[in-house]
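Peer 1: What follows is a structure written as structure tokens; I'll ask about it next.
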Amino acid sequence: MIPKLDWSALVQAADGLGHLQGSPAELVTDYEKNEDFLHKVEVQEGCLECPESGREFPISQGAPNMLLDEDEAWRRGVGGQENC
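So this is what it looks like as structure tokens:
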């Protein structure tokens, strides 16, 4: 995910929201192996929001829960079911 980011735009947005909190202004080379960097940028608690549906997916202990509720799965036709 990090290679796809416009890092300077992310830093600027985080700073504007007051969430920069020591994140590096420049993308670190070999960041995959830099534990200090990864601890600063990895989300431990929070949520992801789908830009299309607005649905929020919680992040707990660094793991996002992307599972749909049963009624959402039914409406989306998951599991071979027809959409309602």
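Residues 1 to 84 (our numbering) are what the sequence shown spells out, left to right. The beta-carbon is built from N, C-alpha and C at its ideal position, and this holds for glycine as well. For clarity, every value in this text was computed on a predicted model and none was experimentally measured.
Tell me the residue span of the beta strand (DSSP E) that contains residue 45.
Peer 2: Taken as a continuous stretch (DSSP letters only), the beta strand (DSSP E) holding residue 45 covers 45-49.
Peer 1: Would you mind reading off the limits of the alpha helix (DSSP H) that contains residue 8?
Peer 2: Here the alpha helix (DSSP H) through residue 8 covers 7-16.
Peer 1: Do you know whose CA, among 55, 40 and 41, lies nearest residue 47's CA?
Peer 2: For the residues 55, 40 and 41, the minimum Cα distance to residue 47 belongs to 55.
Peer 1: Tell me the DSSP secondary structure of residue 73 in three-state form.
Peer 2: Helix, per DSSP.
Peer 1: Is it true that the region 58-76 meets the region 17-35, where meeting means three or more beta-carbon pairs spaced less than 8 Å apart?
Peer 2: At 8 Å Cβ cutoff, the stretches do not touch.
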